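Chains A and B, in that order, are what the protein sequence lines are.
Everything in the first sequence is counted per this note's numbering, starting at 74 for the first residue and increasing by one.
Everything in the second sequence is counted per this note's numbering, starting at 40 for the first residue and increasing by one.
Even for Gly, the Cβ is constructed at its ideal location relative to N, Cα and C.
Please read these numbers as outputs of a predicted model, since none were measured by experiment.
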Amino acid sequence: MLRTIYLDNNATTAVAAEVFEAMTPFFKDRYGNPSSMHLFGGSVHRDVENAREKVAALIHADPSEIVFTSCGSESNNAAIFSMAETLGHDCTVITTRVEHPAVLQPCRFLRDHGHSLVEIGVHEDGTLDMDEYKRALEMPGKKFVSMMWANNETGVIFPIKEAAELAARAGALFHTDAVQSVGKLEEVNMSEVPVSMLSLSGHKLHAPKGIGALYIRRGTPFKPFLKGGHQENGRRAGTENVPYIVGLGKAAELAAEEMKNDTARIAAMRDRLQNGLLKCPDSRVNGSLTERLPNTLNISFEFIEGEAVLYHLSDNGICASSGSACTSGSLEPSHVIRAMGVPYTAVHGSIRFSLSRYNTDADVDAVLEAMPGIVEKLRALSPFVNK
Amino acid sequence: MWDYTDKVLDHFHNPRNVGRIENPDGVGRVGALACGDALTLMFKLDGNGRIADVKFQTFGCASAIASSSALTEMIKGMTLEEAQKVTNQDIADYLGGLPEQKMHCSVMGREALEAAIHNYKTGETSVRTVDDDPVVCTCFDVRESEIVKVATENGLTTVEQVTNYCKAGGACGKCRSDIQAILNRIAEKKGPADAPAPQNRPMTQLKKIKLIEEVIDRDIRPALKRDGGDLELVDVRGDEVEVAFRGMCAGCASAHITRTNLVQAKLREFVSPAITVVEERH
Chain A
74 MLRTIYLDNN ATTAVAAEVF EAMTPFFKDR YGNPSSMHLF GGSVHRDVEN AREKVAALIH
134 ADPSEIVFTS CGSESNNAAI FSMAETLGHD CTVITTRVEH PAVLQPCRFL RDHGHSLVEI
194 GVHEDGTLDM DEYKRALEMP GKKFVSMMWA NNETGVIFPI KEAAELAARA GALFHTDAVQ
254 SVGKLEEVNM SEVPVSMLSL SGHKLHAPKG IGALYIRRGT PFKPFLKGGH QENGRRAGTE
314 NVPYIVGLGK AAELAAEEMK NDTARIAAMR DRLQNGLLKC PDSRVNGSLT ERLPNTLNIS
374 FEFIEGEAVL YHLSDNGICA SSGSACTSGS LEPSHVIRAM GVPYTAVHGS IRFSLSRYNT
434 DADVDAVLEA MPGIVEKLRA LSPFVNK
Chain B
40 MWDYTDKVLD HFHNPRNVGR IENPDGVGRV GALACGDALT LMFKLDGNGR IADVKFQTFG
100 CASAIASSSA LTEMIKGMTL EEAQKVTNQD IADYLGGLPE QKMHCSVMGR EALEAAIHNY
160 KTGETSVRTV DDDPVVCTCF DVRESEIVKV ATENGLTTVE QVTNYCKAGG ACGKCRSDIQ
220 AILNRIAEKK GPADAPAPQN RPMTQLKKIK LIEEVIDRDI RPALKRDGGD LELVDVRGDE
280 VEVAFRGMCA GCASAHITRT NLVQAKLREF VSPAITVVEE RH
């Protein structure tokens with residue numbers, strides 16, 4: 074059988090064996106409700122709090138500042154609607170053009186319901202237009218910011234520490250969608266970066282899908298998104314998803330332990346992949362080479378289309394993704410690639426490889442072996458390449 | 040992943056007739072790099088006016104490549120008159136179907152063929168000769184005539200379908216109301232004129248019932264539903280059609296003659312002049 078070479082870790086990650094193992098007792102034997110007034114349920118409460126401590130430790134926060142949610146998207150929605158609700162009507166929402174839809178759509182929803190919206194642009198290398206951001210903060214009136222820590226498509230990192238400090242000085246609440254950076258960047262440190270809220274997602278760091286968390290700095294005004302229960306200190310209604318919370322705790326613990334080693338090894342593999350693929354003629358990296366997640370490579374092969382590349386990669390067992398129109402779920406290429414002004418010859422041929430600690434040098438070799446033939450084959454088909 | 044048929048995947052992995060032809064008789068170029076797909080189709084005729092050789096080059100996704108490849112296989116050996124009759128649906132059918140959102144790939148094939156035949160006949164490289172044909176979708180440069188053609192040929196009734204078939208309206212979305220207006224105009228024009236003509240030949244009972252059901256669905260039920268009502272076909276005995284009114288219509292005695300007359304008129308118009316309509320006997 075074809076070996077699966079999984080290089081799509083910004084989409085989702087494998088559940089770590091240790092995580093799975095930690096979760097299983099909570100399905101079978103320890104299924105109690107942590108709110109129950111009997112020991113069978115009540116004893117589970119301790120496991121939930123242990124997990125909270127581990128998640129808090131990963132980002133250097135206090136456990137009381139962690140609220141478990143169902144996913145990164147819920148965390149983003151909860152943060153954004155809470156800020157809008159606590160600030161009241163007609164405030165200015167500041168975000169960027171390259172956010173994940175789970176931030177962009179709630180922000181645009183607020184725009185359509187009486188708030189103002191500013192979407193900050195990016196430079197050609199995907200880095201933040203800081204001048205535009207500063208100008209937005211100078212606008213009069215109440216405002217809040219939602220800005221991703223690192224971009225899911227390009228891996229480009231925004232200067233969240235500086236941006237959050239500027240927001241604080243301007244009296245604006247600041248939320249960051251950090252689902253791609255938690256467990257990958259040591260800079261995600263709540264004792265040093267003054268964000269008001271931060272979203273993280275379990276399945277991006279080897280916990281399963283269906284669990285996330287929202288960090289809410291102590292003192293930040295907060296209105297729950299899910300109402301109708303006392304759980305999570307009244308900040309998120311719904312019976313705790315105990316097995317998944319335990320899983321996220323374990324994943325956070327592993328990430329904290331391994332981050333330093335992982336990061337260097339993953340970055341080395343990514344760089345080798347990048348340098349090898351750039352040997353394909355008419356290829357280019359999308360996004361800054363320096364301000365970038367260690368695991369992400371977004372590379373365009375000109376004059377060919379991403380979906381066709383992905384299908385050929387898949388025939389080789391290789392999993393990647395693309396920002397091309399055909400794969401973005403619409404007829405237009407990814408909004409991130411467009412916001413960066415990537416040349417139109419390269420827009421549809423962007424391929425994202427994203428690595429994890431479970432990748433090996435053999436995985437990189439497999440891509441480097443397969444890719445030149447795929448590019449050649451599709452270019453031979455392309456009306457824009459004359460031979 | 041898309042739900043591609045084995046045939047689509049086969050033509051994607053092993054595209055037939057790839058490349059260019061020296062001194063072709065006709066060349067069609069459609070699409071653009073910026074739009075995400077493009078197709079160049081060229082053919083050469085033999086002494087009998089049949090397509091002896093056809094080659095393509097495609098920039099695009101798996102289904103765009105497969106549609107182009109399928110088209111070349113389909114039209115090889117055809118006269119231009121025969122080739123001209125190939126529709127985008129024929130291309131999709133040849134491949135065992137395409138996902139709805141990918142139907143525009145088959146349309147691109149048909150357009151390239153049209154452009155190549157036009158190029159052969161006129162020497163022009165562009166099919167567009169009419170000035171009075173506004174660009175409706177500026178994002179994908181789709182003109183009104185293209186939308187009308189694709190909607191009419193494929194029986195499209197919603198803006199979403201038009202987007203799936205020719206991309207128009209699929210980016211900024213500003214033209215969606217214009218596309219709806221075009222669809223409305225097509226529907227108006229179609230109306231009774233395009234409906235099946237009254238049949239003079241005696242038809243089988245089975246055919247008659249089917250036709251009655253069609254007319255009810257198309258011409259009668261929507262009008263009743265607008266008023267919160269509905270009707271059900273109870274029985275057909277020769278030329279006597281028994282119906283039952285439902286919803287608001289059911290209890291509204293004063294209007295029942297009008298309704299019966301309306302149903303009878305429509306069925307007489309589209310099915311048979313001999314039809315009489317009666318309400319369900321209790």
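Would you decide whether residue i is buried or exposed? Buried here means 16 or more other CB atoms lie within 10 Å of its CB.
i        : result
Phe100/A : exposed
Lys333/A : exposed
Phe113/A : exposed
Pro237/B : Confidence at Pro237/B is low in this model, with a pLDDT of 48, below 50, so the placement of that residue should be treated as unreliable; the coordinate-derived value is given next. With fewer than 16 Cβ atoms within 10 Å of its Cβ, Pro237/B is classed as exposed.
Asp335/A : buried
Ser152/B : Just to set this straight, residue 152/B is Leu in the shown sequence, not Ser. Classification of Leu152/B: buried, given that the 10 Å Cβ count is 16 or more.
Lys246/B : exposed
Asn306/A : exposed
Glu138/A : buried
Asn359/A : buried
Ser455/A : buried
Please report the distance separating the alpha-carbon of residue i from that of residue j.
i        : j        : result
Gly285/A : Lys305/B : 60 angstroms
Val282/B : Lys141/B : 41 angstroms
Glu238/A : Asp81/A  : 33 angstroms
Gly187/A : Ile259/B : 43 angstroms
Arg452/A : Ala210/B : 26 angstroms
Ser219/A : Arg290/A : 15 angstroms
Tyr317/A : Arg125/A : 12 angstroms
Val191/A : Arg215/B : 25 angstroms
Gln253/A : Tyr204/B : 36 angstroms
Leu350/A : Val437/A : 10 angstroms
Ile391/A : Pro406/A : 22 angstroms
Met413/A : Ala419/A : 12 angstroms
Glu197/A : Val409/A : 11 angstroms
Leu263/B : Ile255/B : 10 angstroms
Glu331/A : Ile186/B : 56 angstroms
Gly301/A : Thr312/A : 11 angstroms
Asn123/A : Gly228/A : 31 angstroms
Could you check where the alpha helix (DSSP H) with residue i kicks off and where it finishes?
i        : result
Phe93/A  : Ala90 to Met96
Tyr159/B : Met142 to Thr161
His52/B  : Asp45 to His52
Asn306/A : Gln304 to Gly307
Glu61/B  : It is not in any alpha helix (DSSP H) - Glu61/B carries neither H nor E in the DSSP assignment.
How would you write the range of the beta strand (DSSP E) that residue i sits in, first residue to last?
i        : result
Phe141/A : Ile139 to Thr142
Ile193/A : Ser189 to Ile193
Thr315/B : Thr315 to Glu318
Arg357/A : Ser356 to Val358
Gln96/B  : Ile90 to Phe98
Arg425/A : Ser423 to Ser427
Can you tell which of the options has its C-alpha closest to the C-alpha of residue i?
i        : options                                   : result
Asp344/A : Ile289/A, Asn371/A and Ser272/A           : Asn371/A
Phe179/B : Gly212/B, Asp172/B and Ala151/B           : Gly212/B
Ala89/A  : His276/A, Asn150/A, Val121/A and Leu75/A  : His276/A
Leu48/B  : Ala105/B, Gln96/B and Gly99/B             : Ala105/B
Asp129/B : Pro173/B, Phe284/B and Ala109/B           : Ala109/B
Leu346/B : Asp274/B, Gly116/B and Ser107/B           : The question about residue 346/B has no answer here: the residues shown for chain B are numbered 40 through 321.
Arg357/A : Glu364/A, Asn368/A, Glu375/A and Pro213/A : Glu375/A
Asp278/B : Lys46/B, Met242/B, Phe284/B and His50/B   : Met242/B
Arg181/A : Thr165/A, Ile230/A and Pro294/A           : Thr165/A
Residues of chain B with CB closer than 8 angstroms to the CB of residue i, please, in chain order.
i        : result
Pro397/A : Residue 397/A is actually Ser in this sequence, not Pro. Residues of chain B passing the Cβ test: Gly75 and Cys100.
Ile377/A : Phe98
Tell me whether residue i, by its Cβ, gets closer than 7 angstroms to a heavy atom of the ligand GDP.
i        : result
Leu190/A : Questions concerning the ligand GDP fall outside what the structure shown contains, since it holds no ligand whatsoever.
Which chain B residues sit within Cβ distance under 7 angstroms of residue i?
i        : result
Thr418/A : Leu72
His421/A : Gly75
Ser403/A : Gly209
Residue i touches chain A at which residues, Cβ-Cβ below 7 angstroms?
i        : result
Ile218/B : Going along chain A, no residue has its Cβ under 7 angstroms from Ile218/B, so there is no contact; the nearest lies around 14 angstroms.
Thr79/B  : Pro456
Phe51/B  : Tyr384
Ile104/B : Ala381 and Leu454
Could you tell me which chain A residues have their CB closer than 8 angstroms to the CB of residue i, listed as they occur along the chain?
i        : result
Pro261/B : Those do not exist, as Pro261/B stays about 31 angstroms from chain A at its closest Cβ, beyond 8 angstroms.
Lys206/B : Leu404
Val57/B  : Ala453 and Leu454
So residue i contacts chain A; which residues on that side make the cut at Cβ distance below 9 angstroms?
i       : result
Pro54/B : Leu454
Lys46/B : Near Lys46/B there are no residues of chain A at all, since even the closest Cβ is about 15 angstroms away, more than 9 angstroms.
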